[in-house]
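Before any comments, here is the structure.
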Amino acid sequence: MGVRLEDRVEKAVGGTSARALATLGITTVGDLLRHYPRRYAERGALTPVRDLRDGDHVTVVGEVVSSSVRKARTGKMLAEATVTDGEARLRLTFFGKTATWHADRLQRGRRGLFAGTVSTFNGVRQLTHPEYVLDEEVEGFAGALLPVYPATKQASSWDIAGAVRVALDVVDVDDDPLPEQLLRQRRLLPLREALRSIHRPDSRTDVAAARDRLTWDEAYTLQVVLAQRRAALAQTPATPRPPRGGGLLDAFDARLPFPLTAGQREVGEVLDAELAQAHPMHRLLQGEVGSGKTLVALRAMLRVVDAGGQAALLAPTEVLAQQHARSLRELLGPLAEAGRLGGADTATRIALLTGSLGAAARRESLLDAASGVAGIVVGTHALLEEQVQFADLGLVVVDEQHRFGVEQRDALRAKAGGAPPHVLVMTATPIPRTVAMTVFGDLETSTLSELPRGRSPITTHVVPGGGKAFARTWEKVREEVAAGHQAFVVCPRIGGDDAAEAGADEGRRPAAAVEDVLPLLAGGALGGLRLEALHGRMAPDAKEDVMRRFSRGDVDVLVATTVVEVGVDVPNATVMVVLDADRFGVSQLHQLRGRIGRGSAPGLCVLVTDVEPESPAGERLRAVASTTDGFALSEIDLQQRREGDVLGSTQSGRRSSLRLLELTKHEDLIREARAAATELVAADPDLARHPALRRAVDELVDPERAEYLEKA
Numbered sequence: 002m003g004v005r006l007e008d009r010v011e012k013a014v015g016g017t018s019a020r021a022l023a024t025l026g027i028t029t030v031g032d033l034l035r036h037y038p039r040r041y042a043e044r045g046a047l048t049p050v051r052d053l054r055d056g057d058h059v060t061v062v063g064e065v066v067s068s069s070v071r072k073a074r075t076g077k078m079l080a081e082a083t084v085t086d087g088e089a090r091l092r093l094t095f096f097g098k099t100a101t102w103h104a105d106r107l108q109r110g111r112r113g114l115f116a117g118t119v120s121t122f123n124g125v126r127q128l129t130h131p132e133y134v135l136d137e138e139v140e141g142f143a144g145a146l147l148p149v150y151p152a153t154k155q156a157s158s159w160d161i162a163g164a165v166r167v168a169l170d171v172v173d174v175d176d177d178p179l180p181e182q183l184l185r186q187r188r189l190l191p192l193r194e195a196l197r198s199i200h201r202p203d204s205r206t207d208v209a210a211a212r213d214r215l216t217w218d219e220a221y222t223l224q225v226v227l228a229q230r231r232a233a234l235a236q237t238p239a240t241p242r243p244p245r246g247g248g249l250l251d252a253f254d255a256r257l258p259f260p261l262t263a264g265q266r267e268v269g270e271v272l273d274a275e276l277a278q279a280h281p282m283h284r285l286l287q288g289e290v291g292s293g294k295t296l297v298a299l300r301a302m303l304r305v306v307d308a309g310g311q312a313a314l315l316a317p318t319e320v321l322a323q324q325h326a327r328s329l330r331e332l333l334g335p336l337a338e339a340g341r342l343g344g345a346d347t348a349t350r351i352a353l354l355t356g357s358l359g360a361a362a363r364r365e366s367l368l369d370a371a372s373g374v375a376g377i378v379v380g381t382h383a384l385l386e387e388q389v390q391f392a393d394l395g396l397v398v399v400d401e402q403h404r405f406g407v408e409q410r411d412a413l414r415a416k417a418g419g420a421p422p423h424v425l426v427m428t429a430t431p432i433p434r435t436v437a438m439t440v441f442g443d444l445e446t447s448t449l450s451e452l453p454r455g456r457s458p459i460t461t462h463v464v465p466g467g468g469k470a471f472a473r474t475w476e477k478v479r480e481e482v483a484a485g486h487q488a489f490v491v492c493p494r495i496g497g498d499d500a501a502e503a504g505a506d507e508g509r510r511p512a513a514a515v516e517d518v519l520p521l522l523a524g525g526a527l528g529g530l531r532l533e534a535l536h537g538r539m540a541p542d543a544k545e546d547v548m549r550r551f552s553r554g555d556v557d558v559l560v561a562t563t564v565v566e567v568g569v570d571v572p573n574a575t576v577m578v579v580l581d582a583d584r585f586g587v588s589q590l591h592q593l594r595g596r597i598g599r600g601s602a603p604g605l606c607v608l609v610t611d612v613e614p615e616s617p618a619g620e621r622l623r624a625v626a627s628t629t630d631g632f633a634l635s636e637i638d639l640q641q642r643r644e645g646d647v648l649g650s651t652q653s654g655r656r657s658s659l660r661l662l663e664l665t666k667h668e669d670l671i672r673e674a675r676a677a678a679t680e681l682v683a684a685d686p687d688l689a690r691h692p693a694l695r696r697a698v699d700e701l702v703d704p705e706r707a708e709y710l711e712k713a
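Using the working numbering, the first residue of the sequence shown is number 2, and each one after it goes up by one.
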C-alpha cells in the first residue's frame, strides 16, 4: 500500500524533513499537501518587496544588482549584496569567514530566492545571513510559476517545495472525499489533480481550478460536521415545554410598561414553538445592542417555568451575572418574590450563583435551585459545578462570549436529568451570515434588527489625545453631569503590572489604566464630581455595590474596564469616553457605545486615540464613528480578522482548518455547501457510503478540535 494522506509525514519525506516541517504544525502527509503556496513567482514578474515589514520572515524573488566584500570595523569580513524586484531594493548582509564565498556567488545579474527576517539598518531594509538558492539550483524555477510557501527559519519555501514534490510522487489519493455527483454538478477537479495543480501549476488557470476545488473541500467538510450535529439533535429526545395560559408569562406581559416590538413578538413565537417540541431547541439569538434580546430570553425562561421547568442563564463574568440577576428582578418585580412578603401568587424566584458568592448566600441559592423554588438561576461557570443541582432544568440561556465544550455539555445534560435542555445562545455582536452559517452552523438563527421605541440617537467622534478637542471632552462630561446625567470612562487596563494585558506594541506607552486615570480626573478635569472605579480585580460585593450606586444615580462617572461592555443598562448614562480606543476591536467599541443612549436623552461617544488617522487602526475608529449599524460593523470586523480567529481555532492551539475558504468572499459557496451537506447527511447520516468523506470529517473533529465544534 502506498502513502496515504493520513500517514505521518516522515513516511513520505523522511525524519529530517519531518522535523523541519513540524515547526509549521505539519505532522501528516495531508497537512503537507494542504500547506498551500502563499503566492507564485513568475520569471517575468518579480516579487514585490516594498511592503515588507521589520520582523517578518519572508521569501523574496529578486535579481542581484551589486555585491561587495570588505573588512568591517570589528575586523570581521563583511559581504553585502543588493537585490531588486524592479521597484524596491533589499540588502543582503553576511559576516565572518563565509563572506567572500557569498560575495563571489552573488554576482550582478544572478537571480534566486532569498529567505530571512527583515530588519532595517541606517534606513535600509535588509536580510542578515539569509538562506538562498539561485535560479539554476531550484527545480522548475525556469518554468512559468514557482510556488512560494509560508515558511519558517527551519523550513524554507524551497525546502517545503521539495518535500511537496516528493509527497506528490508517492501519495495515494484514489479516494475522493467529495461525492462524485457533487464533483460533476460543480465541475470540480478530482482531489489528486487539484493537489498537483495547486503545488505544480502550469498556469494561473490551473491554480484557480485547484483553489476552487480545495475551497469546496473545506466548506463542505465543515458543513457536513454541522449537518450531522443538527441531525443528531433532531433525534435527541427532550422534555417539551408547551405554552400554558394564566401563568408567569401572561402576568409578566401584563405588567410590561411598553409594547413588544414586532421582532420580539416574532422571535418569541418561534421560541414558543420550538420549546414545545420533543427534541431540544438549539437557537442563536443575535441582534443590535439594545434590541431587547434579554427581554426575549426572559419570556422564553418564563415559558419554561410555566411548564414546570427551570431555566439557567449563564454569563461570562461575575459583573454581568450580577447585572443580569438585578435586571431580571427589576423587570419581574413581585413576580420574582415567591414565598416572600409582597410576592405575587404566580411568582417564582431568581437565584444567583457565582464562584465568589458568600457561604450563606451560596447555600440559599443552591437550595433554591435544587428544590425548584428558583425558576431562574443566573450564574457563571459556577453553575456547572458538581454540587449545583436543579429540580428540572429545561432551558439554558448562554450569554455573550460563552461557549461550551463536551464536558460542559455533559454536565448540563446530567443536571437536566439525562435529557438535554433546550438551548438559546445570545450574542449582542451582530455577525455576518457567513459566520452564522459556518461558526454557528449547528444552531438555527433568529435576528432582532428593530430597536425598541424610545432609544435615543448616539453621536460618535474620534478625538486625538491632548489638545482642545480632548479638553472639550471633559467639559462635555461635566455639562452632562450638571444636566443630571452620568458618564462612563473606559480604559484598556486596570493598572499595576498588567501592561502586557493591554496589547501594547513594543515601544508604545502603556495603555490608559483605571487606577491611574481615576485619580488624575478626580484631581483635575472632573474634580468635584462623584467618580468610582469598576474592574475585574475588585471583590464581587464591591463590584455589585458600585454598579448598584451607579444605577441609582449616586455615582456621576464610572471609570471602568470592559467589564461594562455588555449587559449594563443605565438609561441615565449619556456619555461614553473610551481612552486609547485603538486598543479595542470594532465589535468591542460597538458594544461599549451601546451602554449609552438607552434613555430619552441622546448619547455621545468619544473615541480617544493617538494613532494616525490614515493608519489601519485610525480607519477602524472612523468606521465605528461613521455608523451605528452593528451588522455593517460586523462585516468590517470580519474583514480585519483572520478566519482562524473567527472560528476559534487559535484557542485550540492548532492551525485553522480553513486555509482557502474566506468568510468575506465565499458566502454563496458556503450556502451551497450547507445545502449539499444537509441533503447528503439526511440520506447517509453516518457517512457509511462515503468512507473518504468520513475520514475527512474524523480528521476535522479530532479531540483537539472537538471543543470548538461542540459548543451550545
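All C-beta atoms in this analysis are idealised placements derived from N, C-alpha and C, irrespective of residue type, glycine included.
Taking a C-beta distance under 8 angstroms as the contact criterion, LEU694 and LEU701 do not qualify as a contact pair.
Under the three-state reduction of DSSP, THR474 is assigned to helix. Between PRO148 and PRO38, the CB-CB gap stays under 8 angstroms. For GLN155, there is no enclosing alpha helix (DSSP H), as DSSP marks it with neither H nor E. Sequence-distant Cβ neighbours of GLN127 in its own chain, meaning closer than 8 angstroms and more than five residues away, are LEU91, ARG92, LEU93, THR94, VAL119, SER120 and THR121. Membership of GLN311 in the beta strand (DSSP E) is indicated by the continuous run 311-315.
Cβ contact annotation for ALA322 (same chain, cutoff 7 angstroms, sequence separation greater than five): ALA316, LEU353, THR355, VAL379, GLY380 and THR381, in chain order. For VAL389, no beta strand (DSSP E) encloses it, and the DSSP letter there is neither H nor E. DSSP places GLY31 within a helical segment (H, G or I) once states are collapsed to three. Distance from the CA atom of PRO191 to the CA atom of THR428, rounded to whole angstroms, is 40 angstroms. Residues of the same chain with a CB within less than 8 angstroms of the CB of PHE391, apart from the 5 flanking positions on each side, are GLN311, ALA313, ALA370, ALA371, GLY373, VAL378, LYS416 and ALA417 in chain order.
Its chain contains THR262, GLY264, GLN265, VAL268, LEU286, GLN287, GLY288, GLU289, SER292, GLY293, LYS294 and VAL297 as the residues whose beta carbon lies nearer than 8 angstroms to that of LEU449, once the 5 sequence neighbours on both sides are disregarded; these appear in chain order.
Of the candidates THR60, ALA211 and SER552, the residue whose Cα lies closest to the Cα of ILE161 is THR60. Our two residues, GLU545 and ARG51, have alpha carbons roughly 53 angstroms apart in a direct line.
Boundaries of the beta strand (DSSP E) harbouring TYR133: 132-135, taken from the DSSP string.
Taking C-beta atoms under 8 angstroms as the contact rule, VAL682 and ALA228 qualify, at a distance of about 4 angstroms. Just measuring C-alpha positions, the residue of ALA13, ALA42, LEU79 and ALA308 sitting nearest THR28 is ALA13. The residues VAL271, LEU272, GLU275, VAL424, LEU425, VAL426, LEU444, GLU445, THR446 and SER447, in chain order, have a CB closer than 8 angstroms to that of ARG284 in the same chain once the five nearest residues on each side in sequence are set aside.
Under the three-state reduction of DSSP, ALA689 is assigned to coil, being neither helix nor strand.
Fully enclosed alpha helix (DSSP H) runs of no fewer than 4 residues occupy 515-523 and 541-553 of the region 503-586, in order along the chain.
Only residues of its own chain outside the window of five on either side were considered, and among them none has a CB closer than 6 angstroms to the CB of ASP555. ALA540 is positioned such that its CB atom lies no closer than 8 angstroms to that of LEU519.
In the DSSP assignment, the residues bridged to GLU64 are THR85 and ARG112. Non-local beta-carbon contacts of LEU332 in its own chain, meaning distances under 8 angstroms to residues more than five positions away in sequence, involve PHE253, LEU296 and LEU299 in chain order. Under the 8 angstroms Cβ criterion, the region 599-615 counts as touching the region 566-583, having at least three qualifying pairs.
Going by C-alpha positions, VAL397 is about 58 angstroms away from ALA89.
Checking the DSSP bridge columns, you'll see SER447 partnered with LEU286. Burial state of GLU480 is exposed, judged by a 10 Å Cβ sphere holding fewer than 16 other Cβ atoms.
The alpha-carbon separation between ILE495 and ARG584 amounts to approximately 14 angstroms. Look at PRO148 here: in three-state DSSP terms it is strand. Between ALA345 and LEU336, the C-beta spacing is below 8 angstroms. Per DSSP, reduced to three states, the secondary structure at THR17 is helical. Using a Cβ distance threshold of 8 angstroms, VAL564 and VAL320 count as a contacting pair.
Taking C-beta atoms under 8 angstroms as the contact rule, GLY3 and VAL172 qualify, at a distance of about 7 angstroms. Counting only residues of its own chain and dropping the five nearest sequence neighbours on each side, ALA375 has a CB closer than 8 angstroms to the CB of GLN311, THR349, ARG350, ILE351, ALA352, SER366 and ASP369. Judged by DSSP in its simplified three-state form, PRO335 adopts helix.
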